[in-house]
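Scroll down for the structure; my scribbles are underneath it.
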Amino acid sequence: MKTWTKALVAAGALAIAASGVARADEVADKQFKKYCQKCHGAEGKGDGAEGATLAEKPRDFTDCAAMAKESDDKLFEVVKVGGKAIAGKKSEMPAMGKSLSDDEIKNLVAKVRSFCATGAKP
Ligand code: HEC
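Each number in this note's numbering corresponds to the 1-based position in the sequence shown with 61 added.
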């Protein structure tokens, strides 16, 4: 293979890898809107229309100090099995493991984390 062909192939592989990452993000965005936003709010502040009616309000995902205390594994578990199954978490957080695959939940945890990165609070 000529050098420039190799370069092209490498660039193509990179482009495919990059688009794969972008797609996972987009899927997580769509799924967050569909399944989570009504409670957690468009900006993850826990101010969705349904969230406001709950006895136990969803936490503010832009509160980095509070979110830093939770491991990714813990957040993953809460989304997968629901708050009720986890000590110290409230049943208002529904179990999503039946609607979402583990990979989808992982991407949603990344989405949840992204609110802290883009949110106002340090
Ligand atoms: C019916 C409302 C509702 C829906 C829908 C909902 N949540 Fe929640 N969620 C909550 C509440 C309330 C809590 C707080 C539970 C607690 O901390 O005791 C919570 C907690 C969480 C937590 C744990 C954060 C923490 O405080 O430790 C994560 C992560 C989470 N939700 C992500 C999601 C994702 C992702 C979706 C969509 C797939 C979703 N939630 C859908 C209400 C909801």
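Glycine included, each C-beta is placed from N, C-alpha and C at the ideal position.
As the structure is a prediction and not an experimental result, all values here were calculated from the model.
Where residue 123 falls, given that 16 or more other Cβ within 10 Å makes a residue buried
buried
Considering Cα atoms alone, identify which of 127, 125, 166, 130 is closest to residue 143.
166
Taking just the CA atoms, how far does residue 67 sit from residue 110?
53 Å
First and last residue of the alpha helix (DSSP H) that includes residue 125?
125 to 128
Residue span of the alpha helix (DSSP H) that contains residue 137, given as start and end
133 to 142
For the ligand HEC, I want to know if residue 120 counts as a neighbour, meaning its beta carbon is within less than 6 Å of at least one of the ligand's heavy atoms.
yes
Less than 7 Å between C-beta atoms, sequence neighbours within five positions excluded: which residues of the same chain meet that for residue 147?
138, 139
Compare the C-alpha of residue 130 against each of 177, 64, 63 and name the closest.
177
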